[in-house]
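Note that the protein sequences, when read in sequence, are chains A and B.
Going by the numbering used here, the first sequence opens with residue 150, and the numbers climb by one from there.
Going by the numbering used here, the second sequence opens with residue 4, and the numbers climb by one from there.
Report on one structure; see the data block that follows.
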Amino acid sequence: MLSIWSRLRALFHRRSLEVDLRDEIAAHLQLDIDELIEQGMSPEAARSAALRQFGSRTAVRESAHDAWRLGRLESFVQDLRYAARLLRRSPGFSGAAVAIVALGIGATAATFTLLDHVLLRPLPFARPDRLVLLHETRLAQGVARTPTSLPNFLDWKAAASSFDAMGAYIGILFPVNFSGRGEPRRLDSAQMSGDVFEVLGVAPLAGRPLTPADDRPGAPDVVLVSERLANAVFGGAAAAVGQTLSLDNQPATVVGVMPRRFAFPARDADVWRPLKLTPPMLAARANHFLYVVGRLRPGTSIAHARADMAVIGEQLQRSYPKENTGTAIAVADLRDLLSPQARGLVVAIFVSSLCLLLIACTNLANLLVARAVVRRHELAIRMALGADKPRVVRQLLTEHALLVVVGGTLGLGAATISVPLLARLVPSTLPIGTPLAVDWRAVAFSAALVVMTTLIFGLTPAMRSWRTADVQALRARATPGGAQWGRSALVLAEVAGSVVLLVAAALLVKSLWRVQAIDPGFRADGVLSLRTALPMPKYARPESRQAFYQRVLDGARAMPGVTAAAYTSYQPMEFASGRMPVTSPGFADDPLTAPEAVIHFITPRFFETLGVPLRSGRDVTDRDEGQAAFVAIVSERLAQRLWPGRDPIGQRIFVARAERTVVGVAADIAVRRLEDASDPQVYFPAAQLGPLSPFYAPKDLLVRASGDLDALGLSLERLVHAVDPNQAVTEVRPMTAIVAAQTAPRRDQATILTVFAALAFALAMVGLHGVLSYAVASRTQEIGVRVALGAERSAILALFLRQGLVLGALGVAIAVPLAYATAQAMGALLFGVQPGDPVSYGMSVLAALGMTLVSSAHPAMRAARIDPATTIRNES
Amino acid sequence: MSTVDNLSERLEFLQGTLEVLILRSLSLGANHAYGISQFLKQESGQEFAVDNGSLYPALQRLLQRKWIDGQWKTSPNGRRARYYRLTAAGRKQLVTATSKWERFVQAMSKVLASAR
């Protein structure tokens, strides 16, 4: 048939069509006149005859136009113009509606982007659905996830039949000293077996990936570097391959460059090193430090793999009872790398934004219904003048669509802006390297929301006008009733939704306060922390380390304002040192059941620097050297576990592969997370590493000082460089920042939920006010009559206040069970607060009822002020 | 559509026939709207009086289908007018439409003759 295109073109070239037609008709008439004159008519007579013969020029022009008319599309463009004009004419209504839509869509698009990034989109590996995570469990001891040892991993690999490939990696990144190219600096390095790259199937940007051959003892030292590092140091991926890097003073050849999106096992990795299978590691079945990724064989289900691994786990328990008793093998989805907290947080935020969207849409529907009622008169007139009903409904829908599209676009813009805030909620262990951004998926999701919003919340009011906009409506009086119920239901939903969000926000804020109120056991203010990760083997000899510590500490203590300084293997909250079983002859002999303690190697005055009280005994001193008798300081909790009711001083313990004598007891401190109960701790002098690897050597410098910590940081950096010009200094932070970072995710989630709750609250307020204002307006005459008949104004005030309060109370009644269910679902996020916390509920309910009262007050007062004389006059 | 003055006597165009007649008139050479309507009046022995309200939309439809195109030219007596001309597609369409019309007329006549 006709090409839409030519019609479209005509639509926009309407003017030239118009001109052509006008000229053509003029020419037509002229030719006719010429002929008539030729036949002998006078020019005047010829002209009028020609005009008569031609017929109505306007009608001809219009019918010629009709040939080009695009029916629907044209009327749509017309509707759109009309809608834009109407909306411009009532900026209050349009502004409110657009803002509401923008809010709902913006919040949802932003949180969907987060949800999509963290939970939905496939991980950036080849065939990610075939990838699984394997780890050990020791459920009898309450350990749901723990790494395996290298010998166990090799046995798994040899025995398992469900996998195409299996690779092992260390779950955390290690700092390495990178020197020889400009300022020395610290890089985060990952270590994994060559099979990991085969399992994940991610091709390097340049060069080759690591292979199992790189793991063999004696193989040349090779590394992969990140695209980021290759660009910064070598000026490009291709240029990096074949270069040599000095990592911890060991040369290694760059064999490949990994693309930016490769973020395994964590996002900050800059260097990937092969897992060297050295003989001691191959023998250490009790050394659990490896996680395993596997690629399922095609056609093998995860259930089958679980059964396969369960058999292997039992065999390993029987073959190596000493190391493996009670140890089972778990096969999990690779996304289980995320903690349940991280998952719960993302879901909670997404659900609350949906809640907000629902409230926003309800409000929008309310606004539109109110407007439709107001415009009933206008619509009835238009229909009386011949507009057909479908056309009127289409016109209304177009108006709503315009509002929603404008609002949706604004919302999407707002989402784009707010996404960097949400990006802080992306867990760093998520193996997705691309940054969080609003992409086409979020845009598609928002578009779907926009369409649904338009249809559901725009169609209902439009259909209502369809039914009611008949000739009856031409009579000026609005008829209260039916519509009122629907609107009340919408308000109930709003009140209920905002109460649910309020309760959730209150519980989170209270959890945050509880966590912030926890005493970490040390005084963080006034302490500066900085890291000097000593490269090995340069500092492999204990004497060289001790000399380094001594010079740095002496220099630091000499600085003005410094009251104490000490080195420790890892500062609190940055748990990276090991937990090891502590046995004590006669009290706890079996390492499998002995209490485990977090081990620290410290220099003297560590306790003074952090403000941790010593309960009894002495601090470590400079005399506790490598050759002296090995000593230890235990935390109160460890002392209680090992020797309840006895004096710990002088007890002998075996820990960290050496026997040590307890010389002191320190107060408990929180070292892992603020909200975890304090673990037992054990402290050793820095010089008494014994047979342990230098990995445990102190690297964090803590300095307590009065005055400006920033300036102190710079002086300390200069000091370190004066001691060793090649030593990198990283993570210069006040201890308070480290403690605050502990609560940052909680703060973010509480902030976001509080903002959502506040918005929902405000929206519900607007909605309630709207409904009551409408009720007052539609009952004006009735009220006038009542007042005329002697009703007290206070009675009328009470009538409307009561109506508002009933709605509010009903909303609250619906909300409380919903809120309780929500609170239970987000149990993983709560700390020190019960899901049924009465204070949170009480405050939310009071706030909702107060809000109801406040938003009813204005319409109710207007009702009470109605003048009976005016209203009755208006009616006649 | 007939003109107002002689409602019952003049013949009404069947749907789509006006377009065929316009194509036919243009097959003799380019012409303007006035010329086309004069041609149809004369050739039909004054039976067809073309209403401009039908002629102009029909011309627009033919333009949209690209069966004719229009150009402004000067007429022999010095007047500027929009001259329509058959396109190749228009010529083809005329052939198709003519043969279709002939079959229609034959069939129509047969049926009407047998009914008599």
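Idealized CB from N, CA, C, for every residue including glycine.
Does DSSP put N9/B in a helix, in a strand, or in coil? Per-residue confidence for N9/B stands at a pLDDT of 42, beneath the threshold of 50, marking its modelled position as unreliable; the derived number appears in the next sentence. It is coil, neither helix nor strand.
Would you kindly report the start and end of the unbroken alpha helix (DSSP H) that includes Q63/B? N55 to Q67 is the extent of the alpha helix (DSSP H) around Q63/B.
Between S212/A and chain C, is any beta-carbon pair separated by less than 8 Å? In the structure shown, chain C cannot be found, because the protein chains are A and B.
To the nearest angstrom, report how far apart I525/A and T558/A are at their CA atoms. First, the amino acid is wrong: residue 525/A is Arg here, not Ile. Taken atom to atom, the span from the alpha-carbon of R525/A to that of T558/A is near 29 Å.
Nearest-angstrom Cβ-Cβ length linking R1092/A and V664/A, presumed shorter than 8 Å: Residue 1092/A lies beyond the range of chain A shown here (150 to 1025); nothing can be said about it.
Can you pull out the residues from the stretch 188-204 of chain A whose beta carbon lies closer than 9 Å to at least one beta carbon of chain B? Along the stretch 188-204 of chain A, the positions whose C-beta sits under 9 Å from a C-beta of chain B are Q202, F203 and G204, read in chain order.
Can you pull out the residues from the stretch 42-64 of chain B whose beta carbon lies closer than 9 Å to at least one beta carbon of chain A? If the cut-off is 9 Å between Cβ atoms, the stretch 42-64 of chain B has D54, N55, G56, S57, L58, Y59, P60, A61, L62, Q63 and R64 near chain A.
Given a cut-off of 8 Å, decide if F750/A and F833/A are closer than it, judged by their beta-carbon atoms. Yes. Within cutoff.
Since G73/B and Y59/B are thought to touch, with beta carbons under 8 Å apart, how far apart are those beta carbons, to the nearest angstrom? Going by Cβ atoms, the distance from G73/B to Y59/B rounds to 12 Å, so no, they are not a contact pair.
Less than 8 Å between CB atoms is the rule here; does N34/B satisfy it with respect to chain A? Not one chain A Cβ lies under 8 Å of N34/B.
What are the boundary residues of the alpha helix (DSSP H) that includes D429/A? The sequence as given places Pro at residue 429/A; Asp does not occur at that position. P429/A -> alpha helix (DSSP H) spans P428 to A432.
Report the rounded CA-to-CA distance for G493/A versus V500/A, giving the unit in angstroms. Here the C-alpha atom of G493/A lies approximately 10 Å from the C-alpha atom of V500/A.
Taking a cut of 9 Å between CB atoms, which residues from the stretch 68-79 of chain B lie near chain A? Closer than 9 Å at the C-beta level to chain A, one finds these residues of the stretch 68-79 of chain B: R68, K69, G73, W75 and S78.
Taking contact to mean 3 or more Cβ pairs, one atom from each stretch, closer than 8 Å, check whether the stretch 840-857 of chain A and the stretch 751-763 of chain A are in contact. Yes, since at least three Cβ pairs between the stretch 840-857 of chain A and the stretch 751-763 of chain A fall closer than 8 Å, the two stretches touch.
Neighbourhood of R210/A by C-beta, 6 Å cutoff - its chain only, sequence neighbours within 5 removed: Excluding positions up to five away in sequence, the list reads L170.
Thinking C-alpha only, which one of V496/A, A352/A, G794/A and R694/A is nearest T971/A? In terms of CA proximity to T971/A, V496/A leads the group V496/A, A352/A, G794/A and R694/A.
Select from L62/B, I71/B and R106/B the residue whose C-alpha is nearest the C-alpha of E173/A. Of L62/B, I71/B and R106/B, the residue nearest in Cα terms is L62/B.
Looking only at its own chain, which residues have a Cβ that is under 6 Å from the Cβ of L959/A, when we skip the five neighbours before and after it? Cβ neighbours of L959/A within its own chain (closer than 6 Å, five residues either side excluded): L641.
Which residues in the same chain as T102/A place their Cβ atom closer than 8 Å to its Cβ, once the five residues preceding and following it in sequence are excluded? Nothing can be reported for residue 102/A: it is not among the residues displayed for chain A, which extend from 150 to 1025.
Using three-state DSSP, classify T20/B as helix, strand or coil. The DSSP-derived three-state label of T20/B is helix.
Which residues in chain B have a C-beta closer than 7 Å to the C-beta of V209/A? List them in chain order. Within chain B, the C-beta atoms nearer than 7 Å to that of V209/A come from N55, G56 and Y59, in chain order.
Which chain B residues sit within Cβ distance under 7 Å of E173/A? Within 7 Å Cβ-Cβ: A36 and R85.
V783/A to G320/A span [Cα, whole Å]: Spanning the two alpha carbons is a distance of roughly 28 Å.
By the three-class DSSP mapping on this structure, what secondary structure does M601/A have? In the structure shown, M601/A sits in a helix (DSSP, three-state: H, G or I).
What are the start and end residues of the beta strand (DSSP E) that includes Y832/A? Segment Q830 to P834, the beta strand (DSSP E) holding Y832/A.
Bridge partners for P400/A per DSSP, in chain order? Among the bridge pairs identified by DSSP, P400/A is matched with S395/A.
Compare the C-alpha of P400/A against each of R377/A, F383/A, P369/A and A415/A and name the closest. Minimum Cα distance to P400/A is reached at P369/A.
Does the count of Cβ pairs from the stretch 917-924 of chain A and the stretch 709-724 of chain A closer than 8 Å reach three? No: fewer than three Cβ pairs fall under 8 Å.
May I have the straight-line CA-CA distance separating A627/A from A645/A, to the nearest angstrom? With a pLDDT of 44 at A627/A, under the threshold of 50, the modelled position of this residue cannot be trusted, and the question is left open.
Would a check of beta-carbon distances place R88/B closer than 8 Å to chain A? So, not an interface residue.
Run through DSSP, which three-state label would W662/A get? Looking at W662/A - three-state DSSP - the assignment turns out to be helix.
What does the alpha-carbon distance come out to for the pair Q776/A and W421/A? If you take the alpha carbons of Q776/A and W421/A, they lie about 37 Å apart.
Does any residue of chain B have a CB that is nearer than 8 Å to the CB of L116/A? Look at the range of chain A in this structure, 150 to 1025, and you will see that residue 116/A is not part of it.
Which residues does DSSP list as the beta-bridge partners of V420/A? Note: V420/A is bridge-paired with S338/A and V374/A in the DSSP secondary-structure output.
CB contact flag (S733/A, Q800/A, <8 Å): Yes, these two residues count as a Cβ contact at 8 Å.
Buried or exposed: where does D588/A fall if 16 or more other Cβ atoms within 10 Å of its Cβ makes it buried? So D588/A counts as exposed.
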